[in-house]
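Here the sequence shown is numbered in my numbering, starting from 27 and rising by one per residue.
For each residue, glycine too, the CB sits at the ideal point set by N, CA and C.
Written out below as structure tokens is the structure these notes cover.
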Amino acid sequence: MSAAIVGLLAIPFTVPARAQTLQDLEELRRRSQAEAEERQRRQQEPAVRLPRAVPPLDVESIELPGETPCFPVAQVLLTETAPDTFAWMPAWLARYDGRCLGRKGIELIIRRLSGRLIGDGYITTRVGLPEQELSAGILQLEVVPGRIGAVRFADPDPDTSWRSAFPARPGDLLNLRDIEQALEQLKRVPSQDATIDIAPGALPGESDVVITLKQTKPWRVGFTADDGGSRATGRNQGSASIALDNPLGLNDLLSASVNGDLWNDRDTRGTEGYGLNYSLPWGWWTASLNAGTSRYRQTVRGINQSFVSSGDSTSGDLRLQRVVHRGQTQKTSLYGRLQIRAQRSAIDGVDLVTQHRQTTAVELGAVHRHYLGRTQLDLTLAHREGVSWFGGQEDVPGATATWRYRVNTLDAALLVPFRIADRALRWNSALRAQQTSDTLYAVDYFGIGNRYTVRGFDGEHTLAAERGLYWRNDFEAPLGDGRNTLYLGLDAGRVEGPGTANLPGRSLSGAAVGLRGAHLRNDVTLSFDLFAAWALSKPAGLTTARPAAGFQLSLQY
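This is the structure we're talking about:
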């Protein structure tokens, strides 16, 4: 045994650093699963789009009807200085300077200005025409800002606070975009639903925002089982989780989970992991903190003896996101992210010091959602860099791979509902890509060839390298009452970069057929996904099950 360990320790660090170890494969599997779950979460997160309260009107047009009589107007002005938010108004009104205006023309200008305000979300701000003489050649309009008088719950004793959800405060201009954001922050809590009404305020020009909240039990427990693991550590995996809503009464979320293999000898083979997640909204901002640890063990059979290879990893992830633009059909957010990761490996309990890793990365990104009719497009663009903060390790002298990498990623998801012969169908498409000009260590590779990336492959052998992309497509047909969905999948992917030097190929494609559904009974939700997938194209040296079938079952109470 000692000879085996000495032999392993004698291997130069630069050689195994880029080779894919079981720990790297487990990390790639966990990361691709987390990316798929995050994409699904983004697609399904509450989206509030309150109806536009303005009739169709070209508010930017300057065409006016010819009228008799009309009054020559040299300037169109406001009776008093508008709030800074409306600093655009003088220039907007100046487009009508020097015109001859009649009654219909003046009314049209007022309607257009009101329409512009409502289109920008200022639904309680009013434009009026005070009494005046036009003989001086000046038309004066009056803008009465609509402000928030109070924000209150319809229920006088709610279990949460509106301050963490609502980006505006009493005295601010009332804007529909603020109300939409508040509703989304309230609805993000699974155990509560909310509606908002606008009521007359105590003073002229003021309106009260009244929140009606419906809340159910503030906790959930869940259990999940699937066969997405590896043969080396156990294909059958399970997890249990508990979630608590509003632990601080701030529309915040707290959850904890434990996961691992099922029905294996934990001393010689298996995985286990623990996770803790917390999320806190504050108006336009959302902060989230995730921490986790995972371990694996496998028995490696040698010529004369067997030994247990094991490893553990610990990670922390802090993310801060802010909505920077919100409109009727789109929303854009920017975020910053700090990731810390530590990994260790051992042979028969003897620590392999040369395999220690302590890395830190920062990520800046943009998240955009756009509605095109009933079509929903979600885009995430991100730039990630390895840094030395918080003990991030330095590069090994002479090594070609680097911990100071620069990586760009793209994640796009498109959901298109359509009908064929009166049957409701959906096309759900996802594209993920990674680009870098650096040589990476295997733990940061982009991988394809499992149920979360390119289907048709059992995940025992994957293609992974520095750069890559994959494109997944599901054509979905809801059955009966819509609780079950039949789907056909078609995927393709490719990897590039120095890491492909020892791969049998670079491209994969596959197809899948499956049935997924969700059923609620007595407050218990049963969700399932059953599928079979086949490789359509692959390198000759890459083996996989045919078909690569799988399942996932979830219970939540």
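The Cβ-Cβ distance between Leu403 and Leu440 falls below 8 Å.
With a 10 Å radius around the Cβ and a threshold of 16 neighbouring Cβ atoms, Val247 comes out exposed. Collapsing the DSSP output to three states places Ile135 in a helix. In the three-state reduction of the DSSP assignment, Arg75 falls in the coil class, being assigned neither a helical nor a strand state. Annotated three-state conformation of Leu119 is helix, per DSSP.
DSSP places Pro524 within a helical segment (H, G or I) once states are collapsed to three.
Spatial neighbours of Gly147 in its own chain (CB-CB distance under 7 Å, excluding positions within 5 residues in sequence) are listed in chain order as Asn201, Leu202, Arg203. Listed in chain order, the non-local C-beta contacts of Leu512 below 7 Å within the same chain comprise Ala503, Leu505, Leu541, local neighbours out to five positions each way being set aside. Here DSSP, grouped into helix, strand and coil, assigns Lys240 to strand. For Ser414, there is no enclosing beta strand (DSSP E), since its DSSP letter is neither H nor E. Excluding its 5 nearest sequence neighbours in each direction, Thr358 has C-beta neighbours in its own chain below 6 Å: Val350, His351, His394, listed in chain order.
Secondary structure in the region 277–304: the beta strand (DSSP E) runs of 3 residues or longer, each lying completely within the stretch, are 279–287 in chain order. Beta-bridge annotation (DSSP): Leu529 is not paired with any residue. Residue environment: Leu212 is assigned as buried (16 or more neighbouring CB atoms within 10 Å of its CB, all protein chains considered). In this structure, DSSP gives Gln331 a state outside helix and strand, which the three-state scheme calls coil. In this structure, the beta-carbon distance from Ile164 to Gln69 does not fall below 8 Å.
Of the other Cβ atoms in all chains shown, 16 or more fall within 10 Å of the Cβ of Gln460; this residue is therefore buried. Ala176 and Ala208 have their C-alpha atoms roughly 14 Å apart.
Of all alpha-carbon atoms in Gln582, Gly275, Gly536, the one lying nearest the alpha-carbon of His545 is that of Gln582.
In the DSSP assignment, Leu165 falls within the beta strand (DSSP E) that extends over 164–170.
By the neighbour-count criterion, in which 16 or more other beta carbons inside 10 Å mark a residue as buried, Pro423 falls on the exposed side. For Ile205, the enclosing alpha helix (DSSP H) stretches over residues 202–213. A Cβ-Cβ contact shorter than 8 Å links Ile174 with Ser233.
According to the DSSP assignment, Ala468 belongs to no beta strand (DSSP E), since it is labelled neither H nor E.
Pairing Arg410 with Phe249, the inter-Cα distance amounts to about 33 Å.
The alpha-carbon of Thr186 is positioned some 26 Å away from that of Tyr361. The residues Asp185, Ser217, Gln218, in chain order, have a CB closer than 7 Å to that of Gln241 in the same chain once the five nearest residues on each side in sequence are set aside.
Two segments are said to touch when three or more pairs of C-beta atoms, one from each, lie closer than 8 Å; by this definition the region 478–497 touches the region 525–532. One Cα belongs to Val326, the other to Arg261, and the distance between them is close to 17 Å.
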